[in-house]
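In UniProt numbering, the protein residues as written are 1 to 232.
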């Protein structure tokens, strides 16, 4: 059993390999969802906020490099592992430039993959220990809790808080926040501020310090205090 279960999405079109990866990581205590193409990533279950994506490059439709780039833009601090039969230096460099933290070549060693995931767990535990927090987010329950109470969240609010909490310096650009709160659809500046105002009130009602989400002129927004993301 791992010290810190992760929420993992495996994107691999070869059924046998996808199932083997999902089974191995599930046995280690992680919550794993497997899909066969990039387009299915947008259909993750309600409340499922990923800690790690494991992505095959050769996918039908959108390829793994494009998917990794898209994920990295919207979730700057999430873990990304690329798996591929392409083993040249240029291929590996391309994978890292797309946003991957780790590039593993096929045939894939499940033990090596498990070791990589364990390393990500240790990194997350270290980050959480150095930033204690009184505010907690439960993606599955769509609930934020703190010393002053609890508040129900919408799915876009859950995704945004998770993205902010994992981003470097807990900062996201305007377009990233708009993408999350707009649930992937275009949203006006006025509507964005209304939605952010509601989310700020929920956080403050739970005990977060005002303003909870700070506006950064010409940049975007910063989460003013760390949030612990619960696995259940």
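Note that the Cβ used here is the ideal one computed from N, Cα and C, for glycine as well.
Cα-Cα separation, residue i to residue j
i: residue 84; j: residue 110; result: 14 Å
i: residue 1; j: residue 27; result: Unreliable positioning characterises residue 1 in this predicted model, as indicated by a pLDDT of 49, which lies under 50. The coordinate reading is nonetheless provided below. Each residue's Cα considered, the two are about 8 Å apart.
i: residue 151; j: residue 73; result: 28 Å
i: residue 41; j: residue 52; result: 12 Å
i: residue 76; j: residue 163; result: 8 Å
i: residue 159; j: residue 218; result: 23 Å
i: residue 94; j: residue 107; result: 19 Å
i: residue 209; j: residue 196; result: 15 Å
i: residue 229; j: residue 220; result: 22 Å
i: residue 214; j: residue 199; result: 12 Å
i: residue 11; j: residue 56; result: 6 Å
i: residue 205; j: residue 148; result: 7 Å
i: residue 222; j: residue 62; result: 31 Å
i: residue 103; j: residue 201; result: 41 Å
i: residue 49; j: residue 89; result: 32 Å
i: residue 15; j: residue 24; result: 14 Å
i: residue 182; j: residue 86; result: 36 Å
i: residue 224; j: residue 33; result: 31 Å
i: residue 168; j: residue 211; result: 19 Å
Three-state class that DSSP yields for residue i in the structure shown
i: residue 219; result: coil
i: residue 109; result: coil
i: residue 208; result: coil
i: residue 165; result: helix
i: residue 49; result: coil
i: residue 80; result: strand
i: residue 1; result: Caution applies to residue 1, whose pLDDT of 49 falls short of 50 and renders its modelled position unreliable; the value that the coordinates give is listed next. Residue 1: coil per DSSP, three-state reduction.
i: residue 145; result: strand
i: residue 136; result: strand
i: residue 31; result: strand
i: residue 19; result: helix
i: residue 86; result: coil
Reference residue i, options the options, closest by Cα
i: residue 60; options: 78, 39, 76 and 71; result: 39
i: residue 231; options: 139, 187, 202 and 34; result: 139
i: residue 81; options: 114, 142 and 146; result: 114
i: residue 99; options: 69, 119, 137 and 123; result: 69
i: residue 157; options: 9, 179, 13 and 148; result: 179
i: residue 66; options: 188, 97, 107 and 89; result: 97
i: residue 144; options: 104, 176, 177 and 203; result: 203
i: residue 155; options: 146, 50, 166 and 142; result: 142
i: residue 207; options: 92, 134, 112 and 9; result: 134
i: residue 58; options: 91, 166 and 176; result: 91
Heavy atom of the ligand GDP within 6 Å of residue i beta-carbon
i: residue 9; result: Ligands are entirely absent from the displayed structure, and the ligand GDP is therefore not among its contents.
Residue range of the unbroken alpha helix (DSSP H) whose run includes residue i
i: residue 9; result: No alpha helix (DSSP H) holds residue 9; the beta strand (DSSP E) holding it covers 7-11.
i: residue 71; result: 64-74
i: residue 172; result: Here residue 172 belongs to no alpha helix (DSSP H); instead the beta strand (DSSP E) covers 171-173.
Test: residue i CB closer than 7 Å to a CB of chain B
i: residue 91; result: No chain B appears in this structure, which consists of one protein chain only.
Where the beta strand (DSSP E) containing residue i begins and where it ends
i: residue 94; result: Run containing residue 94: none in the beta strand (DSSP E); it sits in the alpha helix (DSSP H), 89-97.
i: residue 227; result: 227-229
Problem - Secondary structure, alpha helix (DSSP H): runs of 4+ residues fully inside the stretch 179-207 - result: Within the stretch 179-207, the complete alpha helix (DSSP H) runs of at least 4 residues are 189-206.
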